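First comes the structure, then the notes that go with it.
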Ligand SMILES: *Cc1c(COP(=O)(O)O)cnc(C)c1O
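In our numbering, the protein residues as written are 1175 to 1546.
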């Protein structure tokens, strides 16, 4: 079936996002839900995802940087916002003025936030981060007591929460999860002993789905919002992104003819090739050359030869696709087509990297399933 041809387009189903967020918020039970929209909503578009998430029950949104969070506020998002990883020397004043809650991992960061609070006259809502074993940012346990004491004494700051992040929540039952939870409890006890009464949050998508005992006051799902399942068990999540292109040319080649740079693929018999105008500049990894299939004309068909910068060829056998026919590179897989997970497995990575990698200028974005 012919449709308007597209070069490389990510179609984002906001109905799927709402479905996934409602599922996660339901699982969160009494805990509030912070949907993580960092990196432009994992490549799906932060603002439309944020709006859909709020419609479906999220009361918080998580961003990587103050700049990402302020951009959400400027787009008219009124939910609570939280940002967790800024550069040394960042001016937190715009974040405070936009009402963004700020992560603090060190006394230096606390001082920078307190300085911004003094300049703006806005009290900072800070979430002190304890490193419970991921060993990225977060305050080491040896410095926690001092950080808590300083934060409690700082007039420009209110300790709204303490929080941490799990290393292996996608391996349910792994003992490191309980170890991190125990260290988190110890950090909480220290905060309580200092007279604080902070919220607690620890759970990413995987822990939201598998560890209700670790939901505390707030859960922070990212990947599951987008319909990609980080845990081994089946979950009713719907992948929201479909990556599509179109057939722009078909041609018959004779047995023995080879295709694309390096002639890595040779036709075993006479066959029809369909040319697809998307390549590694559009997020089709060259490493998938000869190792991927597309959904075209109601079935899976193999890519013939190398993926180039701007194009690749599909082996259609004796079928003759129409010019302009839709080519799905990955989608929700519901009708048997390829998925982002399949790409990730072939490439030895995770589907997070695949969808986030669609955040690039040559990939157009279109939204489906918008409400009113
Ligand atoms: C990215 C991120 C999340 C979300 O993780 P998922 O595995 O995508 O659910 C939660 N918290 C923090 C601090 C993060 O950086």
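Quick reminder that beta carbons are idealized off the backbone N, C-alpha and C, glycines included. None of these values were measured; they are calculated from a predicted model.
For residue i, the nearest candidate out of the options (CA to CA)
i	options	result
residue 1330	1317, 1291, 1435, 1204	1291
residue 1444	1245, 1425, 1517	1425
residue 1470	1348, 1438, 1448	1448
residue 1527	1216, 1339, 1195	1216
residue 1501	1543, 1521, 1458	1458
residue 1345	1379, 1518, 1254	1379
residue 1434	1416, 1474, 1455, 1489	1489
residue 1255	1396, 1276, 1482	1276
residue 1181	1243, 1512, 1484, 1240	1484
residue 1374	1207, 1441, 1413	1207
residue 1562	1423, 1486, 1452, 1415	A question about residue 1562 goes unanswered here, because the residues of the chain that appear run from 1175 up to 1546.
residue 1317	1404, 1303, 1204	1303
residue 1233	1265, 1335, 1392, 1342	1392
residue 1432	1464, 1263, 1333	1464
residue 1365	1332, 1441, 1418, 1476	1332
residue 1531	1417, 1202, 1199	1417
residue 1253	1190, 1225, 1401	1225
residue 1482	1474, 1455, 1475	1455
residue 1338	1390, 1348, 1293, 1288	1390
residue 1326	1520, 1288, 1519, 1262	1288
residue 1220	1193, 1186, 1536	1186
residue 1258	1283, 1248, 1249	1283
residue 1193	1450, 1399, 1520	1399
Those residues which DSSP pairs with residue i across a bridge
i	result
residue 1374	1336
residue 1446	1426
residue 1313	1304
residue 1434	Answer by DSSP bridge pairing: none, since residue 1434 is not bridged.
residue 1416	1185
residue 1500	1420
residue 1473	1470
residue 1234	1208, 1254
residue 1298	1331
residue 1505	1513
residue 1439	1433
residue 1133	Nothing about residue 1133 can be read from this structure; the chain reaches only from 1175 to 1546.
residue 1240	DSSP lists no partner for residue 1240.
residue 1267	Note: residue 1267 sits in no beta bridge, so no partner.
residue 1540	1185
residue 1196	DSSP, once it has assigned bridges, lists no residue as partnering residue 1196.
beta-carbon residue i near ligand 2 non-hydrogen atom, thresh 8 Å
i	result
residue 1194	Because ligand 2 does not appear in the structure shown, any question about it cannot be addressed here, the ligands present being ligand 1.
Rounded C-alpha distance that separates residue i from residue j
i	j	result
residue 1296	residue 1286	13 Å
residue 1377	residue 1308	13 Å
residue 1507	residue 1352	34 Å
residue 1281	residue 1369	18 Å
residue 1179	residue 1420	5 Å
residue 1498	residue 1540	18 Å
residue 1386	residue 1305	21 Å
residue 1395	residue 1222	17 Å
residue 1268	residue 1246	13 Å
residue 1211	residue 1340	18 Å
residue 1406	residue 1524	13 Å
residue 1397	residue 1505	15 Å
residue 1231	residue 1362	27 Å
residue 1382	residue 1355	14 Å
residue 1510	residue 1412	14 Å
residue 1517	residue 1466	7 Å
residue 1359	residue 1371	13 Å
residue 1468	residue 1436	21 Å
residue 1533	residue 1205	31 Å
residue 1472	residue 1183	19 Å
residue 1237	residue 1477	37 Å
residue 1322	residue 1315	11 Å
residue 1461	residue 1251	39 Å
residue 1427	residue 1487	12 Å
residue 1422	residue 1513	23 Å
residue 1270	residue 1542	34 Å
residue 1213	residue 1261	16 Å
Exposure label - residue i; buried when at least 16 CB within 10 Å
i	result
residue 1562	Absent from the model: residue 1562. The displayed extent of the chain is 1175 to 1546, so no value can be given.
residue 1367	exposed
residue 1188	buried
residue 1492	exposed
residue 1175	Because residue 1175 sits at a pLDDT of 42, beneath the cut-off of 50, its placement in the model cannot be relied upon, and the following sentence gives the value as read from the coordinates. Classification of residue 1175: exposed, given that the 10 Å Cβ count is below 16.
residue 1408	exposed
residue 1242	buried
residue 1495	buried
residue 1440	exposed
residue 1544	exposed
residue 1335	buried
residue 1202	buried
residue 1401	buried
is_contact[residue i, chain D] using C-beta, thresh 9 Å
i	result
residue 1512	Looking for chain D here will not work: only one protein chain is present.
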